[in-house]
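S.K.: In our numbering, the protein residues as written are 3 to 247.
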């Protein structure tokens, strides 16, 4: 029964958020603030994850491709394709599930248990429009930007690791990356980043918005938001790959 209760509450919250999306005068200031927190403040950790992911992928690929019959350009093709299609979006999503998701759940959970949300509603504010909508929209709008940064630095980190380690020259790496590059790969990555942004922010908003039980309840809501966001990101990744590829 708890599963159906959670599903019903989550669906109701999404319905209220969609219905309140037209009330832009209520949330546009919060939207700008949330975009800065979700996008700009998360940029360093996403960039770091992208660089090291690409570097490790280059080193591991060169370690496995030891046959002289396999051209060095294959390393560039594998690294660029894997980063653009999969790793940039998924790694960023998992990292941001812990950072952005936990922050959202903690903020809304604290407001719920301290009765700040009840106070907003008693003053006539639409709490969903004021608190939930800007956070979900910020995830939808800013996660694609973070994906582009992660993908770019991932390929750059792979190229740099190949040059420093001497495993693949720049010309060979770029030859493989260009030869197997398809515009749909970027479109697919952007679609995944939008879906991941929606999943992480909406789940975190739900867990925080309905938190209860004082400080312990806020902690449980934060933990559940981070864990469930990671699980749903992986499930969404599988579903999108099966449908769109």
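Beta carbons are placed, not taken as given, at the ideal position from N, Cα and C, and that holds for glycine.
Which residues mark the beginning and the end of the alpha helix (DSSP H) in which residue 8 is found?
M.R.: Where residue 8 is concerned, the enclosing alpha helix (DSSP H) stretches over 4-22.
S.K.: In terms of alpha-carbon separation, which member of 48, 212 and 25 lies closest to residue 155?
M.R.: It is 48.
S.K.: Under 8 Å, do residue 138 and residue 200 count as touching if we go by C-beta distance?
M.R.: Yes.
S.K.: To which residues of the same chain is residue 192 closer than 7 Å at the C-beta, ignoring the five residues directly before and after it?
M.R.: Contacts found: 146 and 149.
S.K.: In angstroms with no decimal places, state the Cα-to-Cα distance between residue 198 and residue 205.
M.R.: So the two alpha carbons sit approximately 11 Å from each other.
S.K.: Leaving out the 5 sequence neighbours to the left and right, which residues in its chain are closer than 7 Å to residue 223 when beta-carbon positions are compared?
M.R.: Excluding sequence neighbours, residue 223 sits near 107, 111, 209, 210 and 213.
S.K.: Taking Cβ positions, are residue 129 and residue 119 nearer each other than 8 Å?
M.R.: Yes, these two residues count as a Cβ contact at 8 Å.
S.K.: What are the start and end residues of the alpha helix (DSSP H) that includes residue 37?
M.R.: That run of the alpha helix (DSSP H) goes 26-37.
S.K.: Under 6 Å Cβ to Cβ from residue 216, same chain only, skipping five residues before and after it: list those, please.
M.R.: Excluding sequence neighbours, residue 216 sits near 115.
S.K.: Assign residue 80 to buried or exposed, taking buried as 16 or more other Cβ atoms, counted over all protein chains shown, within 10 Å of its Cβ.
M.R.: Buried is the call here.
S.K.: Report yes or no: do the segment 4-19 and the segment 69-77 share at least 3 C-beta pairs separated by less than 8 Å?
M.R.: Cβ pair count under 8 Å is below three, so no.
S.K.: Which ranges does the beta strand (DSSP E) cover as unbroken runs of at least 3 residues, wholly within the segment 83-143, from first to last along the chain?
M.R.: Runs of the beta strand (DSSP E) inside the segment 83-143: none found.
S.K.: Taking all protein chains shown into account, do 16 or more other C-beta atoms lie within 10 angstroms of the C-beta of residue 241, making it buried, or fewer, making it exposed?
M.R.: Exposed is the call here.
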